[in-house]
Amino acid sequence: IIMGTTSISRVARYLPVGFRRELSRKKLQQFADNNLVDVEFEFLDDSDANLGDSSSSSNDSHLDIEDDDDDESSQKVHAGTSNIEENRNFWEDQLQLLQTNVYKISAVELSLRNATQEAIEEIDRSEIECSCSRQIKGSSARECRNCFMRQVSRCLQNAGFNSSICNTKWTSSHNLQSGEHTFLDVIHSTSKQKSDVRVIIELNFRSQFEMGKASEDYNNLVRKLPEMYVGKVERLRNIIKIMCMVAKRCLKENKMHIGPWRKQKYMQAKWLGPCKRNTSTNSLSMGYSQTISSKQKVKASMLTVDLLDKIPNIHCTAIEVV
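The sequence shown runs contiguously to residue 322 in the UniProt record's numbering.
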């Protein structure tokens, strides 16, 4: 009904000026019916335009929401990428520092390393048996850490070096667990103007830093360590600092607790703490569990001692006891 009225009004509005008013209702209705289709199309066009506007606005809002989501996801991706890049740079920097301290060696250190390597080869050729009481008879000296260090120290002394067996021992404190360690060192005298140079020799150096559940980045640094360390104290201190820092980083990435024996202070106490030097290469002077048992004296009562001392020539008649 509304559309019909509107159509009539709109048709009347657009009637020609010369149109006669006495047209019959039938003709007017026929005219309106003929143009009703155009009017309906006009209304549909308007509604379609409104629907288009509303749909476009909703699409715009939807796009805005998607843009916000894209921004958040891009920020997360950027943060993840930066973390990966930072982690890679950290391990590359530590690897470079480690290689600098491992391969930078002086003439004194090189000479001692060659002499130590020759001593080890000589021990392997000689097949010296272990002389420690704690080891099974027949095992080689290479299999016993104590005998191995003693033989290496003896060979270095025969080569003219001031070699000794060092033992460090420390008590527990607030952030340090008690422990002890044994290694070799050589005191090299340069000249009267300069102080003596101490060179640390650790025959099993790489194994001191190995971990069971370590990452590939950490194991890559461990593989760069020498199996046997022969070097100055300053270089050893730098290597310990680097390895303890990367060990802490590795365990943190794996969400594991770092043991007290992995901390830098504990590792430094092994080689850099106060130690006792022993230049003797005898097995009994190593300070281990082997001891010398003296011959026991004959025990006697005080009465017997007094009688023997005071009356040495006394004679007693034997009495038969029934």
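Ideal placement from N, C-alpha and C gives every residue a C-beta, glycine not left out.
Here the segment 145–154 lies against the segment 126–133, with 3 or more beta-carbon pairs under 8 Å apart.
Assigned with DSSP and collapsed to three states, T116 falls in helix.
Annotation for E180: the continuous beta strand (DSSP E) segment containing it runs 179–188. Looking at the DSSP output, G160 sits in no beta bridge, so it has no partner there.
For W170, the pairing in a beta bridge is given by DSSP as G179. Cβ contact annotation for K104 (same chain, cutoff 8 Å, sequence separation greater than five): R235, in chain order.
In this structure, DSSP gives K241 a helical state, which the three-state scheme calls helix. The DSSP-derived three-state label of I200 is strand.
Under the three-state reduction of DSSP, K255 is assigned to coil, being neither helix nor strand.
Counting the other CB atoms within 10 Å of its CB gives D196 a total below 16, which places it among the exposed residues. A distance of 8 Å or more separates the beta carbons of I200 and L98. Per DSSP, the beta-bridge partners of G231 are I200.
For the pair T168 and K255, the Cα-to-Cα distance works out to about 32 Å.
Judged by DSSP secondary structure, K194 falls outside any beta strand (DSSP E); it is assigned neither H nor E.
Annotation for W91: D217 place their beta carbon closer than 7 Å to its own, counting only its chain and skipping 5 residues before and after.
Here the C-alpha atom of L176 lies approximately 19 Å from the C-alpha atom of L251. Across the set E227, Q268, T81, the C-alpha of Q268 shows the shortest separation from the C-alpha of G179. Per DSSP, the continuous beta strand (DSSP E) segment holding K276 begins and ends at 275–278. The beta carbons of K270 and H181 sit about 4 Å from each other, so the pair counts as a contact at 8 Å. Residue state for I123 is assigned as helix, using DSSP reduced to three classes. Annotation for Y229: E202, F205 place their beta carbon closer than 6 Å to its own, counting only its chain and skipping 5 residues before and after. Cβ neighbours of I239 within its own chain (closer than 6 Å, five residues either side excluded): N101.
Looking at the DSSP output, I105 sits in no beta bridge, so it has no partner there.
Beta-bridge annotation (DSSP): I165 is paired with L184, N278. Going by DSSP, A269 is part of the alpha helix (DSSP H) stretching over 264–272. Rounded to the nearest whole angstrom, the CA to CA distance from G259 to N219 is 18 Å.
For the options A115, E143, K194, T171, the alpha carbon positioned closest to that of N158 is the one of A115. The three-state reading of DSSP puts E210 in coil, since its state is none of H, G, I, E or B. Under the DSSP assignment, L221 falls in the alpha helix (DSSP H) whose first and last residues are 216–224. Residues V152, C155, L156 of the same chain have their beta carbon placed closer than 7 Å to that of A119, with the five preceding and five following residues left out of the count.
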